[in-house]
Amino acid sequence: MTRIGLSRCAADANPALAAWLAGIGLPLPAVAADAPRERDERRILDASENNHATHRDLVMAFTEGQPAFTAAAAGMPARVAFGFEDMAFGHALIAEWARPSVRPACGEPQSAAVLALAGKVAKSDATVLVLGETGTGKEGMARYIHAMSPRAERPFVPVNCAALPETMLEAMLFGHQKGSFTGAGASGEGLFRAADGGTLLLDEVAELPLALQAKLLRALQEREVLPVGATRAIPVDVRVVAAANRDLAAEVAAGRFRDDLYWRLNVMPITLRPLGERRLDIRAISAALLVRHTPRGQGVAWPTAAALDRLMAHGWPGNVRELENVLQRALLLRGGERIEADDLMIDGAAPRRDRAPAPAAILSRPLSDITRSTQARAIEEALAATGGHRLRAAERLGISERTLRYRLADMRAAA
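The opening position of the sequence shown corresponds to residue 582 in this note's numbering, with each subsequent residue numbered one higher.
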């Protein structure tokens, strides 16, 4: 992994930086700007050390005035400048620059502890169960586990169990023989074999039908799959990470999920808290999203302290997906160089405090919280807001795509 150092001069200019980075799992050794460097070493340097900087470095100026962050481009180093008032977001941007690309953005010590646990678990082949609400970063955690594992150079295959047609799930997971069903003009290897030697993410695993859960259990226990239409099982070497946005123990109690499969998946559970409970992660993830959505060569639009406070005070029922939507809108609609609190259209309502929330706020509420009489309207609004995209509409409503299909069928029958 690339070595990153913090120059002594930069540490002296900003004494809080090193301790804060260490607290979120990014400890940086002290280095001298003029010392020989390793081939791929990256360093955070003070502005006074600019002559020693290369395109791999970050030059930091701790100074009052307009804050700025520009990524490295055209052979020039990345640059960041901020004063005390903007120090919190400046640190978040520095952490974004310093973190390995496979590591999820993190600003909470508790979240850093979860990442440290995931890094330890990754070294084994233990099955991992990642639990958390939709949009909390379950796939990102699965990718991190894969990247930190001995299987990192092999395939990572994510599959959303709720998005696959139920009639095709078995063939898509385990493969099929030619002619085994109508339309099977050729054999298919299936996703388990596509992930051979690597990691298979079974997202929304709670959506698997009970009959298929039994076959998944056998595949996990025997480390082999039986393609549809085949008579002989095929060995597979796959590390499985399962993810669910529902309480699987409650699903077992309700008879919707097999208890033997639950215990087979629940070898190493990792629970991701809702974004609204991770205030410092909101800041870190905002920094990551703003960098991602800033065109190359342009400076990042900084949120003001008031805007950052507003972001960190919101409950984020849509988690990271909602946060990304809000920041993208702010980038498009802001009136100045910075993102002001009034640029943040949260819950579909204008951010001005003298205005009541718009009716569209219903789109960010879980469907279970909406009375039956308004469910149809909520579904229609979610579909309209996502251009008819059923998966994204279901995510807005806090349900699976399959459940959304059932509700739409009920609506058509009642019409």
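Cβ atoms here follow ideal geometry from the backbone N, Cα and C, with glycine treated the same way.
Item	Value
Between the segment 744 to 756 and the segment 776 to 795, do three or more beta carbon pairs fall short of 8 Å?	yes
If you compare alpha carbons, which of Ala814, Met641, Gln909 is closest to Leu674?	Met641
Can you check whether the CB of Thr708 is closer than 7 Å to the CB of Leu853?	no
What are the residues that DSSP puts in a beta bridge with His757?	Gly769, Val809
Assuming Arg910 is part of the alpha helix (DSSP H), what are its boundary residues?	900 to 914
Give me whichever residues DSSP pairs with Ala662 in a beta bridge.	Ala642, Ala649
In whole angstroms, what is the alpha-carbon distance linking Ala594 and Ala743?	51 Å
Quick one: Cα of Met657 to Cα of His727, how far?	32 Å
Would you mind stating whether Val817 and Arg860 have Cβ atoms separated by less than 7 Å?	no
Mark Trp678 as exposed unless 16 or more other C-beta atoms lie within 10 angstroms of its C-beta, in which case mark it buried.	buried
Given Pro940, which residues of its chain have a CB within under 6 Å of its CB, disregarding the five upstream and five downstream residues?	In this predicted model, Pro940 has a pLDDT of only 35, less than 50, meaning its place in the structure is not dependable; the value taken from the coordinates is given anyway. Cβ neighbours of Pro940 beyond the five flanking positions: none.
For the alpha helix (DSSP H) that Ala707 lies in, which residues bound it at each end?	No alpha helix (DSSP H) contains Ala707, which DSSP labels as neither H nor E.
Should the segment 805 to 822 be regarded as contacting the segment 655 to 669, the criterion being three or more beta carbon pairs within less than 8 Å?	no
So the candidates are Leu793, Ala886, Arg618; which of them puts its Cα closest to the Cα of Arg839?	Leu793
What first and last residue would you give for the beta strand (DSSP E) that runs through Ala823?	820 to 825
In whole angstroms, what separates the C-alpha of Leu712 from that of Glu785?	10 Å
Who are the near neighbours of Arg684 in its chain, counting only those whose CB is closer than 7 Å to its CB and skipping five residues on each side?	Leu696, Tyr725
For the beta strand (DSSP E) holding Leu587, just list the boundary residues, first then last.	585 to 588
Along the chain, where does the beta strand (DSSP E) containing Pro739 start, and where does it finish?	737 to 741
Is Glu689 near Gly664, with beta carbons less than 7 Å apart?	no
Closest by CA to Ser867, which one among Gln879, Ala830, Val833, Val907?	Val907
With a CB to CB cut of under 7 Å and the five nearest residues on each side skipped, what residues in its chain are close to Ala703?	Ile726, Met729, Ser730
Tell me, please, which residues DSSP counts as bridged to Arg624.	Gly586
Relative to the C-alpha of Glu630, which residue among Ala613, Leu807, Ala723 is closest?	Ala613
Taking Cβ to Cβ, would you say Ala888 is nearer than 7 Å to Ala835?	no
Grab the span of the beta strand (DSSP E) containing Pro850 for me, first residue to last.	849 to 852
Look at the Cβ atom of Gly899, then the Cβ atom of Gly857, and state whether they are nearer than 7 Å.	no
In this structure, does DSSP put Leu781 in helix, strand or coil?	strand
Would you please state the rounded distance, in angstroms, between the beta carbons of Ala825 and Ala787? I believe it to be under 8 Å.	5 Å
From Glu803, Val901, Asn847, pick the residue whose C-alpha is nearest to that of Arg864; which is it?	Val901
For Ala931, which three-state DSSP category applies?	In this prediction, Ala931 scores a pLDDT of 39, lower than 50, which makes its location untrustworthy; the coordinate-derived value is nonetheless stated afterwards. The answer is coil: DSSP assigns Ala931 none of H, G, I, E or B.
Less than 8 Å between C-beta atoms, sequence neighbours within five positions excluded: which residues of the same chain meet that for Leu750?	Cys742, Leu789, Pro790, Leu793
I believe Ala653 touches Ala662 by the beta-carbon criterion, under 8 Å. Please report the beta-carbon distance rounded to the nearest angstrom.	About 15 Å; that fails the 8 Å criterion.
Could you spell out where the alpha helix (DSSP H) holding Pro690 opens and where it closes?	690 to 703
Nearest to Arg732 by alpha carbon, out of Arg637, Asp638, Gly700, Glu714?	Gly700
Where DSSP assigns a beta bridge to Gly656, which residues make up the other side?	In DSSP, Gly656 forms no bridge with anything.
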